[in-house]
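Take a look at the structure set out below.
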Amino acid sequence: MITLKSDREIKGMRESGKVIAGIHLALKDMIKPGVTAMEIENFANDYILAHGATPSEKGFEGYKYATCVDVNDEVAHGTPRKGLVLKNGDIVKVDMTVNKDGYESDSCWSFAVGEVSQSTKDLMDVTKKALYLGIAQSQVGKRLGDIGFAIQDFTENKHGYGDVRDLIGHGIQPTMHEKPDVFHYGEKGKGLRLKAGMTITIEPMINEGTWEIMDHEVPDKNDPWIYYVSADGSWSAQYEHTLAITEDGPKILTSQDAEDDAKMLAWAKKYIEDNNY
Ligand code: MF3
Ligand code: CO
Ligand code: CO
Numbered sequence: 626m627i628t629l630k631s632d633r634e635i636k637g638m639r640e641s642g643k644v645i646a647g648i649h650l651a652l653k654d655m656i657k658p659g660v661t662a663m664e665i666e667n668f669a670n671d672y673i674l675a676h677g678a679t680p681s682e683k684g685f686e687g688y689k690y691a692t693c694v695d696v697n698d699e700v701a702h703g704t705p706r707k708g709l710v711l712k713n714g715d716i717v718k719v720d721m722t723v724n725k726d727g728y729e730s731d732s733c734w735s736f737a738v739g740e741v742s743q744s745t746k747d748l749m750d751v752t753k754k755a756l757y758l759g760i761a762q763s764q765v766g767k768r769l770g771d772i773g774f775a776i777q778d779f780t781e782n783k784h785g786y787g788d789v790r791d792l793i794g795h796g797i798q799p800t801m802h803e804k805p806d807v808f809h810y811g812e813k814g815k816g817l818r819l820k821a822g823m824t825i826t827i828e829p830m831i832n833e834g835t836w837e838i839m840d841h842e843v844p845d846k847n848d849p850w851i852y853y854v855s856a857d858g859s860w861s862a863q864y865e866h867t868l869a870i871t872e873d874g875p876k877i878l879t880s881q882d883a884e885d886d887a888k889m890l891a892w893a894k895k896y897i898e899d900n901n902y
């Protein structure tokens, strides 16, 4: 069942989203060569608690941490391992879900560690644009397939990357994962019609090589979670926002910077028109 949220609920989710946005903004300055995944985890966990919120991932199906921290070819669900020390040139993705006063929000951001290669910069740039193309398509009356199609055409056909199929966005609120499934690939004009009050995530994972991924065992044998890596070892980027579909267009509930959002959405709208998405 897909529930439509009231303005009041959307406001509550935005307050929750501000907590994650604050963490991601702080991580932009904090992430440097030598920083460990555990330091990122501890910072995020403390920040969430200090802001009167709780980390929804902790305890979710036995997951033990507030964050997922994935580096380079790791695609998703990486645990913040102690031995994971960031090196110059790495790309690190930090994903978390937060609950504040009963309201959920979910966001992932990619960070360059020190000086990264041009190909890593390009991968990050295209993946972030893919997210905003998906957001720009999130209009009342459009369909889920319009979101997926734009992301897939842009990343695969226009840029030759691999658009991960096996992990998807989702409805959100009152729990972390709700209906509908939000695919990052698809066909124009197909799928569920978008309605005002839907709250969803869009979270493309884009690989430099193949879209296929494989399981990687978590080094801690007591941990039931596995994480995913790209099947060919190529590097992967991810950006995720939580958004509300409204009569006035998409509202980014995990927004970090309204000006940057406006710039990205203006670019996306033009791209959608020019390419007839
Ligand atoms: N935040 C993730 C998502 O985007 C959920 C991760 S589940 C966890 O859906 F348990 F691994 F944290
Ligand atoms: Co997430
Ligand atoms: Co999500």
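The sequence shown begins at 626 in our numbering and counts up one residue at a time.
Just so it is clear, CB atoms sit at the ideal spot from N, CA and C, and this is done for glycine as well.
Keep in mind the model is a prediction, meaning the values are calculated, not measured.
- Within the stretch 754-778, the complete alpha helix (DSSP H) segments of 4 residues or longer fall at 769-777, listed in chain order.
- Taken atom to atom, the span from the alpha-carbon of residue 898 to that of residue 831 is near 23 Å.
- Short note on residue 882: C-beta not closer than 6 Å to any heavy atom of ligand 2.
- Remark: the shortest separation between the CB of residue 826 and any heavy atom of ligand 3 falls under 6 Å.
- Residue 628 counts as exposed, since fewer than 16 other beta carbons sit within 10 angstroms of its beta carbon.
- Spanning the alpha carbons of residue 702 and residue 850 requires a straight line of approximately 8 Å.
- Residue 718 holds the alpha-carbon nearest to the alpha-carbon of residue 695 among 673, 718, 680.
- Distances between the C-beta of residue 695 and the heavy atoms of ligand 2 are all 6 Å or more.
- Under DSSP, residue 853 forms a beta bridge with 701, 840.
- By the C-beta density criterion, residue 791 is exposed, having fewer than 16 other C-beta atoms within 10 angstroms.
- Around the C-beta of residue 777, 16 or more other C-beta atoms lie within 10 Å, and the residue is accordingly described as buried.
- Taking C-beta atoms as the reference points, residue 774 and residue 656 fail to come closer than 7 Å.
- One Cα belongs to residue 812, the other to residue 762, and the distance between them is close to 13 Å.
- When secondary structure is reduced to three states using DSSP, residue 881 falls in the coil class, being assigned neither helix nor strand.
- Under the 8 Å Cβ criterion, the stretch 704-719 does not count as touching the stretch 786-804, having fewer than three qualifying pairs.
- Under the DSSP definition of a beta bridge, residue 742 lacks any partner.
- Taken atom to atom, the span from the alpha-carbon of residue 840 to that of residue 779 is near 26 Å.
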